[in-house]
Structure formats: structure tokens, C-alpha cells
Amino acid sequence: MKIKYYLIASLLFLFWAESTQAQNKKRSYDHYYDGPYVFFQEDTTQVYWINAGQLLDTSYTAAHADSIDLSFILKDSIAYQNLITQDIPLDHQTVYNDVEHVVAISDIHGQYELMLTLLKENKVITNDGHWNFGEGHMVIVGDIFDRGEYVLDILWFMIRLEQEAAAAGGKVHVMLGNHEVMVLQKDIRYVHKKYRYTSALFRTPYSELFEGDSFLGRWVRSKPIYLKINDVSFVHGGISEDFFNYDVDLEDLNSTYHQLIFGKVDPEEPETPFESFLLYDNGPLWYRGYAFKDEYDLKRTTKLLKKLDSEHIVVGHTSMPNIISMFDNRIIFVDSSIKLGDTGEILFIKNGKFISADQNGLTKTL
Ligand code: ZN
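Just so you know, numbering that gives the first Met the number 0 puts 186 at position 187 of the sequence shown, and the rest follows in order with no gaps.
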């Protein structure tokens, strides 16, 4: 029944889009592009994209899936080749040591251009968009999805950069935020209207474009929620003290999350207190406790970090005007409101120093 209503809603939306288009050129969908969305079928790999408001597709035999060149769709003059694979290993590793350079960026929310400017001006990528951070690690602390218009562009950019970084001995860590999981779990309240148009053209609920048969769905589901690089913990929302009531090792948190949340038939129905904890307010992707006034003092923070076996914790999720440091860099809020599309900052960590850098390349030691 749901599907029936959905089809009717989609058709109404298309009708509305068409008639609105006729009435008002400014609201035309002719300039819309989106994709590519790649799906694995038994013997073929289907690639769909939207050009000038039209849904187009092409198929490849399974034997050629890994050599598909998406450059003609992504159109930014960089080769997007050999990126697609059916078998994406789940990224369960939580601990990385002896990493000399780290850069973190968070809550990009579809702001592709501002993200590129931040990374270029601070030499993380070259002016033509290639990895320039050597053996360094770049951490995206969640929330690429939702709000903005260029989510897919960012996903494909990260998929390409992952390979370039690996080839240079570095690493790109795309971490899950609550907005990734919301879209995967059919909560599309925050998707940009462009993606509602995409959904209508596909005649499919938007979340289904990220189901298990899709390359992007598999890729997103493979990502970690907790990392520790050297003595710094990274997590989108925060690790609340409640976490330590459950008998789960931090080093197992990524594999446990993948198993409990994505490995289930119906992820919306938590079965155990720990599953509820992972999905809701005090869970790693949603927690905001560190940002509440009077919640954490130096003593409580030091105690928490000891449990995390870390000296510092970097979190996104709570938007700040800049990157904000608390308690002598013990807690760093790295969501600098990139989502607004105007300004933003990224965080460099090097030799125990924490440095924020803005879209003009101006830096400040925290
Ligand atoms: Zn968030």
C-alpha cells in the first residue's frame, strides 16, 4: 500500500514540477543534475544519472563493473575511473598510531564548493582537486548528507580521494554522522529538494537509492563511527558516560555498530537497550552533552578522556561559528557551520598542536 501512495505522490510531484515549470521559468528543473547512482544486478551494473532534469542510464556487464569511467557524468575534468567495486570491506579499524599529520573537517552538509575551497586554500588538495596531504590522514567527522544540494558530488569526491590518499600512503576516513544514518533509515526530512526531484524521477523512495544493491549504499554502510588516531578520539556527536554501562569495548564499537544497526532486517526497531543507546540521544552520533553549559568541567572531562584512553576528543554535530577548543584542547568542536555555505574552518593536528584554518588559508593555534 505504501508504494501505491508513494507512486501517486511521485506522479503528483512530477505534475506539479512540470506545471510549475511552465508557469515560472525561474523554478525550472532543466538545470538539475544528479548522480551517478550505481546499482549491482545479477549480471549487470546499472549506472543512472540526471542531466538537465532527465533521468538517463547505461548498463555494463558485471565483468566490467570495476573499470567503469564516471568522468563523463561528474564533469569536473578529473578522471573518475576504477572506483566501483562490489566488495567493499567494512572499515572496522578504530585505532591508528604514528600518524604525523591529521586534518579534520565536519558537517559539510552538501556544501561541495566551500569544502573544496577549504581543502585547496590549506593545501590538503591541489588546486585541481587531487590529494596533496601525503601520508597524512583526513577525517570527515560525519554529516556529509542532508541540507545542501551537492551531497553526491562530495561522496564521489571522497571515493576518489580515498584511493589517491591510499596510493600516497595516507588515508581518508569518512565517518558516519546522524544524517547519514537518517537517510539510510528512511528519514528524509532534511534532504535538499533536488533529491526529492531525483526520488520522483526514479519513482522510488529516496532512501532506496542507498539500499544494499547500490554501490553508494554499500560504501556508506562500511564507514566507522569511532576512531582514535594517536591520542585523539574522533566521533560525530560524542561518547557519553552511558556508553561505559554497556559491556562493549571501544575497539569493537565499529564492528558492533555495523552488525547491530546495518546488519538487521529492520533497523528502526531496536531490540536491546544497547541498540537503543546507539540510535538515540545519548548515542555516539547524537550526543551533545559536551556542548551544554555546566555539563562538563575539567574534572569530568579528564575522567572521560581517561576512559577513552585519549588526551583529546574531536566532535562535530553541534554547530559553532568557528572551531572551538575547551579545557586546553581536551575537547574540540570541529563543526564550524560549513552547512551555511559562507565560511568554515578545518582542524590540523601536528606535533601535539591543534591549528584551525579558514577558507582563506588563515591559521590560528588553539
Ligand atoms: Zn549531526
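Idealized CB from N, CA, C, for every residue including glycine.
One thing to note: residue 347 has its Cβ no nearer than 9 Å to the Cβ of residue 289. Looking only at 144, 48, 170, the smallest Cα-Cα distance to residue 124 is reached by 170.
Burial state of residue 223 is buried, judged by a 10 Å Cβ sphere holding 16 or more other Cβ atoms. Straight through space, the alpha carbons of residue 166 and residue 297 are spaced by roughly 41 Å. Our two residues, residue 362 and residue 108, have alpha carbons roughly 23 Å apart in a direct line. Of the heavy atoms belonging to the ligand ZN, none sits nearer than 8 Å to the Cβ of residue 126.
Along the length of the segment 262-293, whole alpha helix (DSSP H) runs at least 4 residues long occupy 272-278, reported in chain order.
For residue 162, the enclosing alpha helix (DSSP H) has its first and last residue at 150-166. Take the alpha-carbon of residue 173 and the one of residue 274: they are about 22 Å apart. Taking the Cβ atoms as the reference, residue 135 lies roughly 3 Å from residue 100, within the contact range of under 8 Å. Look at the beta carbons and you see the segment 54-70 not touching the segment 298-313: under three pairs across the two are nearer than 8 Å. Taking a contact as a CB-CB distance under 8 Å, the pair residue 178 and residue 144 counts as one, their CB atoms being some 4 Å apart. Residue ranges of uninterrupted alpha helix (DSSP H) with 4 or more members, entirely inside the segment 37-80 and ordered along the chain, are 70-73. Where residue 105 is concerned, there is no enclosing beta strand (DSSP E), because DSSP gives it neither an H nor an E. One thing to note: residue 315 has its Cβ no nearer than 9 Å to the Cβ of residue 34. Rounded to the nearest whole angstrom, the CA to CA distance from residue 307 to residue 232 is 8 Å. Around the beta-carbon of residue 94, fewer than 16 other beta-carbon atoms lie within 10 Å, marking it exposed.
In this structure, residue 122 sits near residue 132, with a CB-CB distance shorter than 9 Å. For residue 181, the three-state secondary structure derived from DSSP is helix. By the 16-neighbour rule on beta-carbons within 10 angstroms, residue 51 is exposed. Look at residue 122 here: in three-state DSSP terms it is coil, with no helix or strand label. Taking 9 Å as the cut-off, the Cβ atoms of residue 206 and residue 187 count as close. Within 10 angstroms of the beta-carbon of residue 283 lie 16 or more other beta-carbons, which makes it buried. For residue 239 against residue 87, the beta-carbon gap comes to about 30 Å, at or over 8 Å, which does not count as contact. By the neighbour-count criterion, in which 16 or more other beta carbons inside 10 Å mark a residue as buried, residue 311 falls on the buried side.
Taking each of 322, 339, 327 in turn and checking the Cα distance to residue 104, the smallest one comes out for 322. Membership of residue 326 in any alpha helix (DSSP H) is not indicated, and neither H nor E is assigned to it by DSSP.
Every residue whose Cβ sits closer than 5 Å to any heavy atom of the ligand ZN is listed here in chain order: 142, 176, 177, 316.
Nearest Cα to residue 355 within the set 117, 286, 44: 117. The beta carbon of residue 216 lies closer than 8 Å to those of 183, 208, 209, 210 in the same chain, with the five residues before and after it left out. In the displayed model, residue 344 falls within a strand according to three-state DSSP. Here DSSP, grouped into helix, strand and coil, assigns residue 225 to strand. Taking 9 Å as the cut-off, the Cβ atoms of residue 191 and residue 219 do not count as close. Note that the C-beta distance between residue 127 and residue 73 is not below 9 Å.
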